[in-house]
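With the working numbering, you'll find the sequence shown wraps up at 251, consecutive numbering, no jumps.
For reference, the structure discussed in these notes is given below.
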Amino acid sequence: MHLKATIKKKCPLFVLDVSIEVSEKDYVILLGPSGAGKSTILKIIAGVEKAEYQKIELNGKEITHLPPEKRRIVYLPQTNSLFPHLSVKENLIFSFKARKKSINYELLNRVIDNFDIKHLLDRYPNSLSEGEAQRVALARAICAEPEILLLDEPLSSLDFHLKIELIKFLKNFPQNYKISIIHVTHDLLEALLLANNVYILTHGKITYSGNINNFFKDLNNLNNFTSKKDPVLSSFENLNNLNFLQIIANFTQMMEKNKV
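Here it is, written out as structure tokens:
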């Protein structure tokens, strides 16, 4: 799997002008402040928003003019995307029906077990906690069997404990479900714990891109950040200390041992 997206779009305060590439089983973080154009990128890749210029290629084939349902790309918006009139189980099954596919019970049961939502199947979205609703929304997205999953601030409304719990789920999504992920966030912690590759977006432009190992090195070298005079990068200065990075390292080691 390989995705390449080149996008140019006039926004109210800037021109969005980016190129992004995603490889097989990749976890890409789009990191930046609110209003930088991150969500717009996801929507254009998903096919639910247009741009003055856009070229979206998946596995070497251009899919720019394909409707969203033909792209094998699932976009999960920041707001609750569950159907309120359907039970949790019906929400999951809808992913198959929407594609006019027979229900893949092997996948369905696996997702229910992996997400620990069996006890929620007969409940309705308005009775779920924020953490439960987000788990169900992610489970439904997986049932759609996408090649690429687009996550728009999926953890922003959760408290720290729930955020860490869902990070454990998300960390191994690419390997467990053979998909690639583009995850939008303004939270550096999410980038450090989840990403294979990081793009930093400021005012519609990519101001930093690199793999997570290089990103760690750059966090330890503030000269690389401050010399660029980038408001997003310079805002990370207060996080550049050994205690913070040690917490990240410990979490990563725990994930490797437990393979959640």
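We treat Cβ as the ideally placed atom computed from N, Cα and C, and that holds for glycine.
The continuous stretches of alpha helix (DSSP H) do not include residue 172, which lies in the beta strand (DSSP E) extending over residues 171 to 176. In the DSSP assignment, residue 1 falls within the unbroken beta strand (DSSP E) covering -6 to 1.
Residue 188 has 19, 202 as its beta-bridge partners, per DSSP. The C-alpha of residue 170 is placed about 13 Å away from the C-alpha of residue 50.
By the neighbour-count criterion, in which 16 or more other beta carbons inside 10 Å mark a residue as buried, residue 177 falls on the buried side. For residue 158, same chain residues with a beta-carbon under 8 Å away, outside a window of 5 residues either side, are 146, 181, 184, 185 in chain order. Within the segment 117 to 182, complete beta strand (DSSP E) segments of at least 3 residues are found at 139 to 143, 171 to 176, given in chain order. Taking C-beta atoms as the reference points, residue 140 and residue 23 fail to come closer than 8 Å. Residue 52 is bridged by DSSP to 49. Around the beta carbon of residue 125, 16 or more other beta carbons lie within 10 angstroms, which makes this residue buried. Beta-bridge annotation (DSSP): residue 104 is not paired with any residue. DSSP, reduced to helix, strand and coil, places residue 8 within a strand of the structure shown. Scanning its chain for C-beta atoms nearer than 7 Å, with the 5 sequence neighbours on each side dropped, one finds around residue 114 the residues 78, 79, in chain order.
Under the DSSP definition of a beta bridge, residue 197 partners with 192. Counting only the Cα atoms, residue 28 lies some 31 Å from residue 106. Counting only the Cα atoms, residue 74 lies some 36 Å from residue 203. For residue 10 and residue -3, the gap between their C-alpha atoms comes out near 4 Å.
Relative to the Cα of residue 136, the nearest Cα in the group 92, 70, 17 belongs to 92. In terms of Cβ geometry, residue 20 and residue 37 do not form a close pair [threshold 8 Å]. When the five nearest sequence neighbours on each side are left out, the beta carbons in the same chain lying within less than 6 Å of the beta carbon of residue 142 are those of 67, 174, in order along the chain. As computed with DSSP, residue 64 is found in a beta bridge with 139.
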